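Student: Going by UniProt numbering, the sequence shown opens with residue 1, and the numbers climb by one from there. There's a structure below that I have some questions on.
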Amino acid sequence: MGSRLATPHGGAIHAIHPPGLQAADTKHHIAEVLLSSVRRATVARRGEAEQEFDAASGTLLISPVRADSRVSWPTVRESVIVALTEDAMRTLATHEFDTAGVELRPPPPGTVDSWALRIGQLLKAELAQREVPNELYVDSLITLFGVHILRHYSNVRKPPLVIRGGLAASVARRLQDYIENNLSRSLPVAELAGIAGLSVRHFIQAFTRSFGEPPHRYVVDQRLGFAEKLLTRGELTIAEVAYQSGFSSQSHLTTTMKKHRQKTPLQVRRER
């Protein structure tokens, strides 16, 4: 049992898995972060002898696309699984390291990665809530997770660039206009980073310094502001307002507005 969300880069799943054999997904790069401990698991990879290992909370397992590997879990486990498409990983590698040639190098079985665990816990918190997950937020976390994998578990290397300032004023205005004109559709963080001419990681840092909040929160606020304008006009149904402002459904708009504005779309409409 669990919850999942697909994004432009791939997807994320939080789940509690029963004991059993787990085969590799051959269509995506897969990274799994354990949120619970499992003893005496075994992993078999092509060309290698089967290995037994203990998996503590924070253990990171990576299965590259088309990998021939299987993991046997003797007990129930809780984990977050992140899937990245080949195209998404190549795009990240190009933006971050100026190369599309990516070869993932899985860590030894039982490797604990505290940074991956923190991202996994953030993904769990977003996916497990009752409200509809924020797609841009989840996509941002998946993207940061992908960059982390490239930096530490692949053949590509590049010293990190430190972004000390925010966005140039002209870039910030361009982003404001672009977001305002595209609120009705999905706005992946990689797309916004491309407009700014920055890698995703550096874009999030610079955007937050310029706007005082990360991209996903800014976009949600703009969607809600636009929805409020449409609601006060009274020309569209609430479901149509939700669609026009980029929410997946009327209930998605309602739960998000209650969370961030402490009122419902119907209350906004009645206030006009």
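Glycine is no exception: its CB is placed at the ideal position from the N, C-alpha and C atoms. This structure is a prediction, so every number in the text was calculated from the model and none was measured.
#1: Let me know the secondary structure DSSP gives E191 once reduced to three states.
#2: Classify P19: buried if its beta carbon has 16 or more other beta carbons within 10 angstroms, exposed otherwise.
#3: Roughly how many whole angstroms lie between the Cα atoms of V38 and V71?
#4: Taking just the CA atoms, how far does L104 sit from K258?
#5: For the beta strand (DSSP E) containing T42, list its first residue and its last residue.
#6: Who are the near neighbours of F226 in its chain, counting only those whose CB is closer than 7 Å to its CB and skipping five residues on each side?
#7: In whole angstroms, what separates the C-alpha of S114 from that of L230?
#8: DSSP three-state call for P159: helix, strand or coil?
#9: Taking the continuous alpha helix (DSSP H) assigned at F247, which residues delimit it?
#10: Within a Cβ cutoff of 8 Å, which residues of the same chain sit near L236, ignoring the five residues on either side of it in sequence?
#11: Check each candidate in Q267, E271, R269 and L5 and name the one with the smallest Cα separation from E135.
#12: Check this for me: beta carbons of residue 273 and E131, under 8 Å apart or not?
#13: Roughly how far, in whole angstroms, is the beta-carbon of S140 from the beta-carbon of I204, given that I think they are within contact range, below 8 Å?
#14: Which word fits A23, buried or exposed, when buried means at least 16 other C-beta atoms lie within 10 angstroms of its C-beta?
#15: Which residue from I16, R45 and L21 puts its Cα closest to that of S36?
#16: Confirm, please, whether the CB-CB distance from E126 to S79 is below 8 Å.
#17: I'd like the list of long-range same chain contacts for D54, defined as Cβ closer than 8 Å, with 5 residues on each side in sequence excluded.
#18: For a test of the three-state rule: what should DSSP assign to R70, helix, strand or coil?
#19: If you pair each beta-carbon of the region 44–51 with each one of the region 80–100, do three or more pairs fall below 8 Å?
#20: Tell me whether D113 sits in a helix, a strand or coil according to DSSP, three-state version.
#21: Going by beta-carbon coordinates alone, are H95 and V200 separated by less than 8 Å?
#22: So what does DSSP say about T7, is it helix, strand or coil?
#23: Less than 8 Å between the beta carbons of V138 and A12, yes or no?
#24: Taking all protein chains shown into account, do 16 or more other C-beta atoms lie within 10 angstroms of the C-beta of T254, making it buried, or fewer, making it exposed?
#25: Look up H29 in the DSSP assignment and give the residues it is bridged to.
#26: Who are the near neighbours of P74 in its chain, counting only those whose CB is closer than 8 Å to its CB and skipping five residues on each side?
#27: Ignore the nearest five residues each way along the sequence and tell me which others in E228's own chain have a CB closer than 7 Å to its CB.
Tutor: According to the structure data:
#1: In the structure shown, the three-state DSSP call for E191 is helix.
#2: By the neighbour-count rule (16 or more Cβ atoms within 10 Å), P19 is not buried but exposed.
#3: Cα-Cα distance, rounded: 12 Å.
#4: Each residue's Cα considered, the two are about 42 Å apart.
#5: Start and end: V38 to R45.
#6: The beta carbon of F226 sits closer than 7 Å to the beta carbons of L183 and S245 from its chain, once the five residues preceding and following it are set aside; these are given in chain order.
#7: Taking the straight line joining both Cα atoms gives about 44 Å.
#8: With a pLDDT of 49 at P159, under the threshold of 50, the modelled position of that residue is not reliable, and the figure given next carries that caveat. Shown here, P159 sits in coil according to DSSP, grouped into three states, outside any helix or strand.
#9: That residue, F247, is in no alpha helix (DSSP H); it is neither H nor E in DSSP.
#10: Closer than 8 Å at Cβ, skipping near neighbours: L230 and Q244.
#11: Looking at Q267, E271, R269 and L5, the one whose alpha-carbon comes closest to that of E135 is L5.
#12: Because residue 273 is not part of the residues shown, which for the chain are 1 to 272, the question remains open.
#13: About 6 Å; that satisfies the 8 Å criterion.
#14: Result: exposed.
#15: The shortest C-alpha separation from S36 is found at I16.
#16: Cβ distance not < 8 Å, so S79 and E126 don't count as in contact.
#17: Once the five neighbours on either side are set aside, the close Cβ partners of D54 are S37, V38, R39, R40, A41 and G110.
#18: The answer is strand: DSSP assigns R70 an E or B state.
#19: Fewer than three pairs of CB atoms, one per stretch, sit closer than 8 Å, so the region 44–51 makes no contact with the region 80–100.
#20: Reduced to three states, the DSSP call for D113 is coil.
#21: A contact, by the Cβ cut-off of 8 Å.
#22: If DSSP states are grouped into helix, strand and coil, T7 belongs with the strands.
#23: Less than 8 Å separates the beta-carbon of V138 from that of A12.
#24: Buried.
#25: Listed as beta-bridge partners of H29 by DSSP are L84.
#26: Here the set comprises P19, V38, R39, R40 and A41.
#27: Result list for E228: V268, in chain order.
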